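Enquirer: Okay, handing you the structure first.
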Amino acid sequence: MMSKTIYLARHGETEYNRLQKITGQLDIPLNDVGLEQAMMMSLSLKDVYFDIIYCSPLKRSRQTVAEIKKFHKGVPVVFDSRLKECNAGVMEGESCTTMADYTEKFTPRGGESFYHLRGRVRDFLTDQIYAKHFENILIVSHGGPIKVIRSFFENTDTLSEKEMSIKNAHYWIIKTDLKALTIHMK
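In our numbering, the protein residues as written are 10 to 195.
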């Protein structure tokens with residue numbers, strides 16, 4: 010079994026992040042701080058070799074990848090909608106505290122549950138990470154999908170903000186031989 014190194018990065022700051030509003034799948038761009046953060050992250054990754062970059066198609070992730078690509082011109086980018094943030098439906102634009110008490114099974118009107126988010130991220134991992142032969146992978150996404158990916162690799166079911174802080178323009182490095190990668194849906 011091939012070993013893989015996965016760099017898991019969150020996009021830079023948006024105005025909604027700064028104001029602590031639920032962004033969900035709204036196509037909000039990076040603010041000035043976020044653009045600077047993306048540039049700084051690209052500098053920290055400039056000497057890392059990637060076989061492929063996977064990215065959410067939402068503008069804030071695309072802008073972050075555009076900065077990273079300045080140092081990785083020949084690396085292919087695959088935009089995959091399964092890496093989009095959780096669709097918060099009618100709650101998008103509301104204060105983040107609005108959803109703090111909801112369980113993972115809650116589905117906002119016009120949105121999706123965290124259960125659904127886990128399913129689509131699981132499908133992405135199965136199709137793109139487990140089944141492909143890339144060894145050095147960068148994934149640029151959002152807080153929700155990153156929590157899900159980390160929970161799979163850290164073998165926990167939680168998506169709790171308290172237990173898994175996902176800051177803007179930060180990244181995590183996951184090294185795995187994939188033997189332990191079993192993705193369960195509950």
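Glycine is no exception: its CB is placed at the ideal position from the N, C-alpha and C atoms.
These numbers were taken from a predicted model, which means no experiment stands behind them.
What span of residues does the alpha helix (DSSP H) with Leu-52 cover, start to end?
Expert: Looking at the DSSP string, the run of the alpha helix (DSSP H) that includes Leu-52 is 41 to 53.
Enquirer: Please return the same chain residues whose Cβ sits closer than 8 Å to the Cβ of Phe-59, not counting the five positions on each side in sequence.
Expert: Correct list, in chain order: Tyr-16, His-81, Val-84, Asn-145, Ile-146 and Leu-147.
Enquirer: Where does Phe-115 fall in DSSP's three states?
Expert: If DSSP states are grouped into helix, strand and coil, Phe-115 belongs with coil.
Enquirer: Give me the DSSP bridge partner(s) of Ala-75.
Expert: None, per the DSSP bridge assignment.
Enquirer: From Ser-150, Arg-159, Ile-175 and Phe-161, pick the residue whose C-alpha is nearest to that of His-20; which is it?
Expert: Selected option, being the one with the closest Cα: Ser-150.
Enquirer: Helix, strand or coil: which one does DSSP assign to Ile-146?
Expert: Residue state, collapsed to three classes: strand.
Enquirer: Just to confirm my understanding: we take Phe-143, look at its own chain, exclude 5 residues before and 5 after, and list those with CB closer than 6 Å. What are they?
Expert: Within the same chain, Phe-143 has close Cβ partners Asp-60 and Ile-61.
Enquirer: Do you know offhand how far His-193's Cα is from Thr-14's?
Expert: Low per-residue confidence applies at His-193: pLDDT is 33, beneath 50, and the placement is therefore not dependable enough to give any value.
Enquirer: Buried or exposed: Thr-32, going by 16 or more other Cβ atoms within 10 Å of its Cβ?
Expert: It counts as buried.
Enquirer: Measure the C-alpha to C-alpha separation of Thr-23 and Ser-70 and round it to an integer number of angstroms.
Expert: Thr-23 and Ser-70: Cα-Cα distance of roughly 10 Å.
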